[in-house]
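Below is one structure; the comments refer to it alone.
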Amino acid sequence: KAGVTQTPRYLIKTRGQQVTLSCSPISGHRSVSWYQQTPGQGLQFLFEYFSETQRNKGNFPGRFSGRQFSNSRSEMNVSTLELGDSALYLCASSLELADQETQYFGPGTRLLVL
Amino acid sequence: ILNVEQSPQSLHVQEGDSTNFTCSFPSSNFYALHWYRWETAKSPEALFVMTLNGDEKKKGRISATLNTKEGYSYLYIKGSQPEDSATYLCAFGNNFNKFYFGSGTKLNVKP
Chain A
165 KAGVTQTPRY LIKTRGQQVT LSCSPISGHR SVSWYQQTPG QGLQFLFEYF SETQRNKGNF
225 PGRFSGRQFS NSRSEMNVST LELGDSALYL CASSLELADQ ETQYFGPGTR LLVL
Chain B
449 ILNVEQSPQS LHVQEGDSTN FTCSFPSSNF YALHWYRWET AKSPEALFVM TLNGDEKKKG
509 RISATLNTKE GYSYLYIKGS QPEDSATYLC AFGNNFNKFY FGSGTKLNVK P
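Same order as they appear, the protein sequences are chains A and B. The numbering of the first sequence is the working numbering, which starts it at 165 and goes up by one. The numbering of the second sequence is the working numbering, which starts it at 449 and goes up by one.
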């Protein structure tokens with residue numbers, strides 16, 4: 165079974181630009197969560213999607229948005245990039261993220277904002 | 449803001465040493481506690497999912513305990529090996545689909 169994939173793996177953008185990151189979950193998984201990791205910080209929860217609906221959202225500004233498609237693939241978008249958005253963005257998938265289910269992480273997209 | 453704290457931040461041990469780290473989380477509204485191992489240049493890999501107070505889980509030389517009433521979990525590694533070198537993350541869930549991660553404990557096992 166193929167794992168969680170994320171594209172692109174590396175990205176360089178400049179301030180003010182926008183960026184779209186993509187996550188393809190494990191086949192059959194319907195829940196996709198997004199996390200941000202900045203130096204010295206733990207993984208910060210961005211949002212979680214299930215069956216094309218956002219079920220939960222973290223404390224990030226409205227510049228961060230996401231969506232999920234009918235095939236469970238998910239994208240996150242960051243508009244008007246700031247230097248502080250430079251981070252590793254991880255997505256994780258699970259069947260439903262219920263009970264004792266764990267999450268399976270992708271390799272991440274490393275974003276550098278100049 | 450919900451705090452999940454892990455200690456120590458980093459640990460250097462010799463091969464063969466046993467070691468343990470702590471994850472502290474709020475004791476109210478507990479749903480689940482996850483442990484992950486994150487090796488450099490790889491994806492975080494799930495170790496344990498713990499949901500009940502008093503839970504003990506074991507996988508090979510690694511085990512974990514959970515105390516939801518006082519808000520902590522311990523991860524133990526018996527007879528550390530160089531391949532155990534990684535960052536160990538815990539994630540506290542107060543809701544089935546929202547998890548708060550600690551900053552991790554970085555373990556370095558010297559041969």
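From the three backbone atoms N, C-alpha and C, an ideal C-beta is built for every residue, glycine too.
What does B/F549 reach in chain A if we use C-beta pairs closer than 7 Å?
G206, L207
Which residues mark the beginning and the end of the beta strand (DSSP E) in which B/R485 is found?
480 to 486
Leaving out the 5 sequence neighbours to the left and right, which residues in its chain are closer than 6 Å to A/L276 when beta-carbon positions are compared?
I176, S250
Say whether the segment 526 to 533 of chain B touches the segment 464 to 473 of chain B, bearing in mind that this needs 3 or more beta-carbon pairs closer than 8 Å, one atom from each stretch.
Counting Cβ pairs under 8 Å, three or more are found: they touch.
Please go through the same chain and pick out, in chain order, the residues whose beta-carbon is closer than 8 Å to the beta-carbon of A/G167, but skip the five residues on each side of it.
I190, Y268, G270
Measuring CA to CA, which of A/Q200, A/R173, A/G192 is closest to A/G248?
A/Q200
For A/R219, which residues in the same chain have their Cβ closer than 6 Å to its Cβ, ignoring the five residues on either side in sequence?
E212
Check the C-beta distance from B/Y548 over to B/A539 and give it rounded, since I have them as a contact under 8 Å.
7 Å
Between the segment 481 to 499 of chain B and the segment 512 to 523 of chain B, can you find at least three pairs of beta-carbon atoms closer than 8 Å?
yes
At the 8 Å Cβ level, is A/Q267 part of the contact set with chain B, yes or no?
yes
Pull the bridge partners of A/R231 from the DSSP assignment, please.
A/E239
State the Cα-Cα distance for the pair B/S491 and A/R231, rounded to the nearest angstrom.
CA-CA distance, B/S491 to A/R231, rounds to 22 Å.
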